[in-house]
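Student: So the sequence shown is numbered by the numbering used here: it starts at 6 and just counts up by one.
The beta-carbon is built from N, C-alpha and C at its ideal position, and this holds for glycine as well.
This one's a predicted model, so the numbers in the text were calculated from it and none came from an experiment.
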Amino acid sequence: MLYTRKIKLAATALLTSLLLSGCAGSLTRGADTQSVSDIRSTRQVWQDNNVEFEAAAISNKSPFKGQARIAANSYRGRVVLMGQVPTEEMKQQVTEQVKEVAGVSKVYNQLRVEPVIGVSQMSRDSWITTKVKSAFAREAKLKGASIKVITENNEVFLFGYVTAEHANVATEVARNVSDVKHVIRGFVVASNAIDDVEKAAEPEKKEATVEDLTESTPATPEATTTQPKENLTEEESVDYVDSSNRIVEEDI
């Protein structure tokens with residue numbers, strides 16, 4: 006009887022955690038083709054996980070408790086915030102608090118100033134994530150890519166350490182999945198991965214706009230590369246791509 010109760014409590018705790026995070030997320034990895042390996046050390050992975058936990062926990066503290074829902078994705082201290090807050094002022098307060106978390110180097114605040122979504126919207130977001138993940142699995146050009154998908158209020162966030170081709174193909178696939186209204190790219194792109202492959206074909210219709218938070222960084226590729234490492238640089242690109250394919254710079 007005690008054992009059964011422990012299982013029920015654990016299941017309840019897990020469900021509560023998912024509801025508090027408010028994001029429908031998943032990780033998809035294809036078969037091995039041209040791909041790159043995560044350059045983070047075990048310590049860096051642990052630190053990123055801790056940053057995500059600490060950032061999300063802010064929503065349970067005053068003055069945010071009951072008013073905001075916050076989720077985060079961190080890669081080498083580069084944090085993307087997702088969720089909803091009631092005011093622009095509170096949005097900025099969250100940014101300042103996350104900056105104080107140990108290990109955070111930069112914050113991209115993608116919190117929306119709007120009412121916190123309910124359980125029904127969370128369910129819809131979970132279904133969108135499933136559809137995006139399935140679309141990735143069917144796309145041959147995404148074999149070998151490890152991509153994390155998080156959906157928040159019909160907005161799809163894409164994360165992962167990928168090649169430039171994988172980033173572009175994944176974006177085009179996700180933006181054409183039904184019910185997706187916006188795609189935010191949070192990739193870290195390996196700048197020394199081989200990138201002479203054919204680019205993704207332009208789809209006939211684009212239902213969702215795209216926002217780019219992509220960062221380029223030297224890679225540890227599984228495929229060989231002819232680019233000398235000393236010539237590689239790390240850079241960030243923050244662009245917004247609208248439905249008419251205009252690309253404009255945007256401050257985050």
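Tell me the residue span of the alpha helix (DSSP H) that contains Ser-128.
Tutor: Walking along the sequence shown from the start, residue 128 turns up at place 123. That run of the alpha helix (DSSP H) goes 124 to 143.
Student: In this structure, how does DSSP classify Arg-147 when only helix, strand and coil are distinguished?
Tutor: Taking the first residue of the sequence shown as 1, we reach residue 147 at position 142. Looking at the sequence itself, residue 147 is Leu, so the reference to Arg does not match. Helix.
Student: Going by Cα to Cα distance, which pick from Ala-145, Val-193, Glu-93 and Val-185 is closest to Ala-213?
Tutor: For the purposes of this step, residue 213 is taken as the residue at position 208 of the sequence shown. Considering only alpha carbons, the answer is Val-185.
Student: How would you call Arg-74, buried or exposed, if buried means at least 16 neighbouring beta carbons within 10 angstroms?
Tutor: Looking up residue 74 in the sequence shown gives position 69. Classification of Arg-74: buried, given that the 10 Å Cβ count is 16 or more.
Student: May I have the straight-line CA-CA distance separating Val-178 from Ile-44, to the nearest angstrom?
Tutor: Within the sequence shown, the letter at position 173 stands for residue 178. Within the sequence shown, the letter at position 39 stands for residue 44. Their Cα atoms are separated by approximately 26 Å.
Student: By a C-beta neighbour count over all protein chains shown, 10 Å radius and 16 as the cutoff for buried, is Thr-47 buried or exposed?
Tutor: Numbered from its first residue, the sequence shown carries residue 47 at position 42. Answer is exposed; the Cβ neighbour count stays below 16.
Student: Rounded to whole angstroms, what is the Cα-Cα separation between Glu-93 and Asn-55?
Tutor: The residue labelled residue 93 in the question sits at position 88 within the sequence shown. The residue labelled residue 55 in the question sits at position 50 within the sequence shown. Each residue's alpha carbon lies about 26 Å from the other.
Student: Gln-72 and Leu-116 - do their beta-carbons sit closer together than 9 Å?
Tutor: Indexing the sequence shown from 1 puts residue 116 at position 111. Indexing the sequence shown from 1 puts residue 72 at position 67. Contact flag unset, no.
Student: By the three-class DSSP mapping on this structure, what secondary structure does Ser-79 have?
Tutor: Counting from one through the sequence shown, the residue named residue 79 turns up at place 74. Note: Ser-79 maps to strand in three-state DSSP.
Student: I'd like to check one pair, Gly-165 with Lys-153: are the Cβ atoms closer than 9 Å?
Tutor: For the purposes of this step, residue 153 is taken as the residue at position 148 of the sequence shown. For the purposes of this step, residue 165 is taken as the residue at position 160 of the sequence shown. In this structure, Gly-165 lies closer than 9 Å to Lys-153 by Cβ.
Student: Put Val-56 into one of helix, strand or coil per three-state DSSP.
Tutor: Here residue 56 corresponds to residue number 51 of the sequence shown, with the count starting at 1. Correct three-state label for Val-56: helix.
Student: So what's Ser-42 in DSSP terms, helix, strand or just coil?
Tutor: The residue you call residue 42 lines up with position 37 of the sequence shown. Strand at Ser-42.
Student: So, under 8 Å CB-CB, Met-87 and Glu-157 are touching, yes? Tell me the CB distance rounded to an integer number of Å.
Tutor: Position 82 of the sequence shown holds residue 87. Position 152 of the sequence shown holds residue 157. With a Cβ gap of about 5 Å, Met-87 and Glu-157 count as contacting.
Student: If you check the beta carbons only, do Thr-135 and Ala-172 fall under 9 Å apart?
Tutor: Numbered from 1 along the sequence shown, position 130 holds the residue referred to as residue 135. Numbered from 1 along the sequence shown, position 167 holds the residue referred to as residue 172. No, the pair does not count as a contact, with Cβ atoms beyond the cut-off.
Student: What would DSSP say about Gln-115, mapped onto helix, strand or coil?
Tutor: By 1-based counting over the sequence shown, the position of residue 115 is 110. The answer is coil: DSSP assigns Gln-115 none of H, G, I, E or B.
Student: Report the option in Ile-63, Ala-195 and Glu-57 whose CA atom is closest to the CA atom of Gln-98.
Tutor: Locating residue 98 in the sequence shown gives position 93, counting from the first residue. Checked all of Ile-63, Ala-195 and Glu-57; the closest Cα to Gln-98 is Ile-63.
Student: For a test of the three-state rule: what should DSSP assign to Glu-93, helix, strand or coil?
Tutor: What you label residue 93 is simply residue 88 of the sequence shown in a count that begins at 1. Glu-93: helix per DSSP, three-state reduction.
Student: Closest by CA to Val-109, which one among Arg-81, Val-50 and Ala-195?
Tutor: On the sequence shown, position 104 is the one that residue 109 refers to. The candidate whose alpha carbon is nearest that of Val-109 is Arg-81.
Student: Would you kindly work out how many angstroms separate the C-alpha atoms of Phe-69 and Asp-53, rounded to a whole number?
Tutor: Translated into positions along the sequence shown, residue 69 becomes position 64. Translated into positions along the sequence shown, residue 53 becomes position 48. Taking the straight line joining both Cα atoms gives about 22 Å.
Student: What separation, rounded to the nearest whole angstrom, lies between the Cα atoms of Phe-141 and Thr-168?
Tutor: Numbered from its first residue, the sequence shown carries residue 141 at position 136. Numbered from its first residue, the sequence shown carries residue 168 at position 163. So the two alpha carbons sit approximately 15 Å from each other.
Student: Just to confirm, are Ile-189 and Phe-162 a CB contact at a threshold of 9 Å?
Tutor: Within the sequence shown, numbered from 1, the residue matching residue 189 stands at position 184. Within the sequence shown, numbered from 1, the residue matching residue 162 stands at position 157. A contact, by the Cβ cut-off of 9 Å.
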